[in-house]
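Residue numbers (this note's numbering), protein chains in the order written: chain E, 7 to 343; chain A, 6 to 324; chain B, 28 to 538; chain Z, 19 to 356. Below: one structure, written as structure tokens.
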Amino acid sequence: SRSNDGGGSGSGDKPFIALSNGFIGNGWRQTMIAKFEAAATQAQSDGLLGKFKVVNAPGENSATEQVAQIKSLLLQKPDALLIDPASPTALKPVIQQACDAGIKVVVFDSAIDAPCAHVLLNSFKDWATAAAEPLVKGIGGKGTVIVSRGVVGSQPEEEMYKTTQEILAANPEVKVAATVNGMCDGAKAQKAVLGVLSSVPKVDGVIGCGDGYGVAQAFSTAGKPIPALTFETNGRALNYWNDSKLDNGSVAVMSDPGQSVAALWEAIDLLDGKDIPKQLTFPIVLVEQKDLGAWASALKPDEYAAWPWTQDLFRKQVEAVKTGGAPVQPPIPSAAN
Amino acid sequence: MTNLVVAAVPPRAQLRRLAPAMVSTIAMFAMVAVCASLQSDVLTVTGLTLILSATVPLVIAAQAQMMLMSVGDIDLGIGNFVGLVTVITATKLVSSPGTGMLFLVGLVAAYALLGALIHLRRVPSLIATLGASFVWLGLGLFVLPTPGGSTPTWLATFGSWAPAGFPAPLLPILVASALVWLLASRGSVGVRVRAFGSNPVALQRAGLSPLAARVVAYGVAGALGVLAGLLLASQTGGGDVSSASSYTLITVAAVILGGGSFRGGNAVPWGVAIGGVTLGLVSVVLSLLDVPSNMQSAVQGAIVLAVLAGRVVVGKVLR
Amino acid sequence: MHVDNLPVGPLAAPPSGDREPTGAQPVVTARQVTRTYGRTRALTGVDLEVRAGEVLGLVGHNGAGKSTLMRVLAGLEACDEGVVTVRGQEVPRDVRPGAAEFRAVRMAYQETSLCPDLTVAENIWISSRRCLPRLRWRRAASAAVQRRLDEMFPGHGVVPRDRVEALTLARRQMVEIARASLVDRLDLLILDEPTESLGPDAARSLYDHVRTLTARGTAVLLISHRIREVLSVADRVAVMRDGAVVADKPAAGLSEDDVLVLMGAEVAAPADPGPAPAAVPAGDRPVIAELRAASGHGLHDVSVRVGAGEVVGLAGLAGQGQQEVLERLWRPVRKDTTVLGSRAYVPGDRQRSGVLPLWSVAENLIVTAMRGLARYGVRRRAEEAAAVRSWVDRLAIRGGADAGMTELSGGNQQKVIVARAFASTADLVLLDDPFRGVDVHTKTDLYSLIREEAANGRSVVWHSSENAEMAHCDRVYVLRAGRVVAELAGEEISEERIIAVSFAESTEAPQ
Amino acid sequence: MTLRTLARPWIWGFVASALVWATILALSSQGGGQTVSLALSLAPYLVIVGLGQMLVITAGPGNIDVSVAPVISLAGFVAVAATAATGSVAVGVLAGIGTGLAVAAISVLAILGLSIPPIIATLAAGLIASSLTLSLADGFTAVPDEGLRQLLNLRPAGVPVLAVAVAVLTALVVALLSRTTYGRSLLAVGQSRPAAERAGIPVARVLAATYLASGALAGLAGALLAAYIAPSPDLGTRYLLDSVAVVVIGGTLISGGRAVPVGIWGSALFFILLDGLVNLVGWSTAAQNLLKGGLVLFVLFLAGGGTRRDATTSRPRRRPRPATAATAATTTGDNTHG
Ligand SMILES: Nc1ncnc2c1ncn2[C@@H]1O[C@H](COP(=O)(O)OP(=O)(O)OP(=O)(O)O)[C@@H](O)[C@H]1O
Ligand SMILES: Nc1ncnc2c1ncn2[C@@H]1O[C@H](COP(=O)(O)OP(=O)(O)OP(=O)(O)O)[C@@H](O)[C@H]1O
Ligand SMILES: [Mg+2]
Ligand SMILES: [Mg+2]
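Laid out in structure tokens, this is it:
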């Protein structure tokens, strides 16, 4: 765990915020934690935060480990608890316990049905739509595609797969040659796609969930032309996309690792007694062809594109959610830095 | 003539046998002490309840692992099996308790059958349980593709039971360990099982069936796995087939920390309880200590190595 | 009926006072029994009858089929052809261990069949559970085994709570024998080489107990390679050769030589200690290994010197520190031990630390020498094959080089393990009582092998529990309780002398 | 039954992969040759890791290397970083191998120095390696070498170059096991450690060499995988379970003492083709797991006791030693990017 005392003044009346993260083993989660630590340190020096602490559950996304860690965090009596859950259900009782202890709980990145917690997440429907629609359009509304599903069995994936199927149903000329389990992981998708490539006819596109880089490798291994892909939003994939000059309807879209920062602002506002809806939907990160260069040059290979939420932007987005207005469009890197 | 020389051996041999569990016990108390020094609330009833409750299903799953290790086998499927039980608990056991119970009994029977097949086909348990773990996972995903469901009220009530003046998690740990101890260390069933792990030829020569011994060990392990799953579901309030996947390795470590071995022939229920609690406390200590997030795995590894190294030192001293 | 209710000790009245073996009823009989394992014909048509109240001695060379026959007679294994009858009733062919017919036939195994991780009492439960109460069986089993051990081996020093693993080899054997005899009705007790790891004292009290058993009408079948022992205990002696019983005679009137002839060899003066021990006095040889006042780990101030080309014996009762001395010479890590040159080891416990079970005889035999023959870590197979051939021929290993190691009988396995050590280029060969359970002819061959190798300049340190073997040594250290109590050389070495030294000490000053 | 006539369990891996291949062919009725060719371009990575795991498992009961997964991930980063820093692919690959050796050295110290059971020792070494991986991955900037990637993708006449190279490596391991003193010593240690020790085999040295070899091979696999896919903290995750499974289905005796390097190819191809089949048919993960588990059990129970020695009941056998190994989680969880 990492914690930080704010300038020796003790916690005083400034809040102590803890973050429990269920899994740290991939670039997205690492970016998420890095963004949080940077923002929290800044907030600390701005006097908004007394102390913060980050705990990552070791191992492979183990809910039981995370339950144990949250329980030991409860002992330390944080004012607010941010959770990126390892399981959408297993944490329910311990979250209830935290709420009962008077702790503000903000769950982000995944829905969880704990009535006392505030939930902040990206719309998975938006994600799936942003992934499939431009791609289908890019291949001209007809052709053969492979669908690479995410972590089958997870709630978000169900929702995304449903959306994908709706879009495909609306485009009857797009044929699905195979549905593979890419697990939203480039390496797994690479192997899965390679496994079916020899058995399917010419492929025009692969609708995936942020695994396009691996899928592209699979096609180049098989010696086939690279079709339209759904890239991940990290530096490696964006640079590949940029360098290979693909302009065939490929997109890069993923959820926003900056959610942790938004969750931090939410917790601070909640502790301030502000009224915030229980459920907040924040925009996904969609990298379009026009911003590709800017993003690609700003990101390290394993770093994921994140919206730079500030307290200001966060409050604007909350307003947008409350009023049902258009979501805030945070600045893209070239404009921001 | 020579009895005087050797009369001194038994107590020392006994001591040497108990040493591993003793070192783990010391480690456990040391960790509680560290936690308490960082956070004095740890030593209150609420504090102990908080830090111990997560170890309950782990300890019981580790008892299941120990049953198999006592016949010289290893269970690589226990994590997914416990996950499958939570799934069935959160679905079938709620919708129709009778069918749910039948399913759970069926799972125990499946474990026994697996044991029988392993024995009759003479295949290594390692790879058979590895194959079975895929099956448990598949079944779990089949029954409940997305984590969810809810636990029966009686189970949820038990999960949130908080008696005053006594940390509730201690009760299932102590009761389960005592039962396993009676069964595996004291009773004649335990003798059959351990004899099989120790020297199957002797068992057979005495006209006892090695197959029965193995099936019993697997059946008991299955029953303990079901119990662990029920308790996990009572804590998580739902079913998730992958919620306990980390148990597979940790239970093996718990048995080793508790003084068990891969050789078979040994049953160490109390040691396993201590080993399980010790491992469960590692994550508590990690969250209390300010270890950089990247380094947490390394610290966990180092703690395990340190406890086992302590065992070696004690063993050397005792020899 | 429970073991506790067993009539025990000399007070028990024999059911029939008649000690005439001829008049007694047959307990178990075998007629034309055959048994094959793969290509090995272990039994080729055995006829044998064991009668109530007699001690039947069974002798034969290694691999003659004694242990196999016993497994058939005890109902552990079915025979391929032939008939086994127990108390006049024919036994069905598909017999399994624990069958009701064989309840009263019990066997103490050559390789003990105890569970090392279990306590003595728990081991007793396994084999005698039928005569133990369902509840509190642990206490009953402890009491029963304690009493039986007290009767059989006074001063045994076994506590029923002990785990078998923690017992010495001799104590394990005692428990094994007691285990076999703990049953409510005992018609036949089979003892397969019971005294190989027992000291002479324990052996004597065992045979005393055997007498009280036969007096009560129990038959005892005794297998041993110690022919003199068999002749002194048995009423009748059966001799097996190549899977068949070739002779069956009253023990009275048989001499050791008669038996040896029956076992199928030209009696080659087995008492001859081979080539005479080298004439060079010990002091003049260059010392290649030395223990200087070694203490700790079961040794007290032990000094041992081994000269080049010398055969040094470690004698005394079993478990008095001989193995510890060998261990130190094998792994000279302490300052008080110096060993110049390479070493090879012949373990006594071949099941555990001798046999490599997946390999053939050739592979087992050459594994030590392989390192010496190899060039840059790459094996030279032609040289290895030649070495294997010569050793298989030299020791007449039955089965040949290509047989699987576990297909061999115990004695032949032991030959391979001895050959393994001598096939290497080791300067010092350590023998840890390796000739237990090896037949006399094989032993004689191996003794002369040792003398020849010593004559070629190799040194040998040889621990043996059989004092007669020490006659083949140049010098003998007698150990007791971890101390060297005597150093004998040349003419001084004799069985009588060694026994005298080991026992003279043991009767005084027990500490 | 004699030792000579023991069943040949390694056959089953090849039989199963042929069956799966035939099914794929029947379903898609095209690209049969290319299916094999593509499977052959994925199999070598698993075979490399499997060879190391096989050596470790052969060292006898209780021996297993559960650190292969974190070693692969760590070696991937180190190799890419070293290649980027020096511009030399060879240095990068050697750095990957060196990483594997370094992590294995920790395991060896724990196993031999502290007598910690291998499963726990390698688990701990793996935990340490994964911490290093995370630290390295934080802000990692280097990109894998393009030339190496093209080499790994090279398939003249449909035969992947890497597959040929790994076939040669397999042949070398076969020779190592049968022709060298190290190989024979390893097999002896695996059959009976006390017996090997009394036969004068330097057991500790053999074990150390074995774990180091496994670490080096995992490191090599990591270096190649990082170039083939991309360095990532969970690059190796799948390889732990699969490496154990391919070794055992490949016919290597889980209780040690007998190694079947060639068998690894059969079972590696089986696993890869099975993945392809499942993805082709579009089965759900539930069905995929059921099928994989069911097939592993089926092949295992069908092949049966060929993997153990003569089981004649009453002759005292060598104590059947337990098999050991470990696992990692089989799913990575629920968050879509988990
Ligand atoms: N507690 C138990 N644990 C495991 N297996 C058992 C148990 N009880 C009975 N069995 C099975 O039943 C068989 C009979 O075992 P049991 O111990 O009852 O034999 P027994 O009662 O001593 O013999 P019998 O009653 O036939 O004379 C055993 O071989 C075993 O397969
Ligand atoms: N389970 C078995 N499998 C294969 N061969 C066997 C088996 N048991 C015995 N044999 C073979 O049968 C023959 C007789 O063996 P057995 O053990 O009965 O001999 P033995 O007379 O007891 O010899 P020893 O005095 O060396 O103990 C030997 O050639 C042995 O190799
Ligand atoms: Mg015999
Ligand atoms: Mg014998």
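Virtual Cβ for every residue (Gly too), placed ideally from N, Cα, C.
Residues of its chain near residue i, where Cβ-Cβ distance is below 6 Å and the 5 sequence neighbours each way are ignored
i	result
A302 of chain E	L244, N245 and N248
A316 of chain B	V333, L356, V366 and L455
L286 of chain E	L126 and V327
V287 of chain A	Q305 and I308
L144 of chain A	L89
A234 of chain E	L141, G144, I145, G211, N254, G255 and S256
V415 of chain B	A389, L392, I393 and A428
A168 of chain B	A148, I151, W152 and L159
Separation of residue j from residue i, as counted between CA atoms
i	j	result
A314 of chain A	L132 of chain Z	6 Å
V257 of chain E	I56 of chain A	46 Å
R197 of chain A	A272 of chain A	12 Å
A241 of chain Z	L119 of chain Z	13 Å
A304 of chain Z	S138 of chain A	12 Å
V312 of chain A	V260 of chain A	13 Å
K470 of chain B	L476 of chain B	10 Å
L75 of chain B	L96 of chain B	10 Å
H183 of chain B	L194 of chain B	11 Å
P25 of chain A	G78 of chain Z	23 Å
I280 of chain E	V324 of chain E	Residue 280 of chain E is actually Lys in this sequence, not Ile. Cα-Cα distance, rounded: 11 Å.
A286 of chain Z	I267 of chain Z	9 Å
F42 of chain E	A311 of chain E	14 Å
G77 of chain A	L122 of chain A	16 Å
Q441 of chain B	V382 of chain B	9 Å
A408 of chain Z	A527 of chain B	The structure shown does not extend to residue 408 of chain Z, since chain Z is modelled only from 19 to 356, so the question has no answer here.
R190 of chain B	R238 of chain B	30 Å
S251 of chain B	D214 of chain B	20 Å
Interface flag, residue i vs chain A, CB-CB below 9 Å
i	result
A87 of chain Z	no
P540 of chain B	One cannot answer for residue 540 of chain B here, as it falls past the ends of chain B, which runs 28 to 538.
Min CB distance residue i to chain E below 9 Å
i	result
A32 of chain A	no
Q68 of chain A	no
Close Cβ partners of residue i (< 8 Å) along its chain, the five nearest in sequence each way excluded
i	result
G325 of chain B	G348, E351 and G509
Min CB distance residue i to chain Z below 9 Å
i	result
I23 of chain E	no
R268 of chain A	yes
P307 of chain E	yes
Cβ shell of residue i (< 7 Å), same chain only, five flanking positions each side left out
i	result
A176 of chain E	none
Test: residue i CB closer than 9 Å to a CB of chain F
i	result
S261 of chain Z	The question asks about chain F, but that chain is absent: this structure's protein chains are E, A, B and Z.
Min CB distance residue i to chain B below 9 Å
i	result
L73 of chain Z	no
S133 of chain Z	no
#### Entry: Residues, ordered as in the chain, of the region 130 to 152 of chain B that lie near chain A by beta-carbon distance below 7 Å
S140, L141, C142, P143, D144, L145, E149 and W152
### Task
Give, in chain order, every residue of the region 204 to 223 of chain A whose Cβ lies closer than 8 Å to some Cβ of chain B.
N204, V206, A207, L208, Q209, R210, A211, G212 and L213
### Task
With 8 Å as the limit, tell me which residues of the region 210 to 237 of chain Z have their beta carbon closer than that to any beta carbon of chain B; keep them in chain order.
S210, P212, A213, A214, E215, R216, A217, G218 and I219
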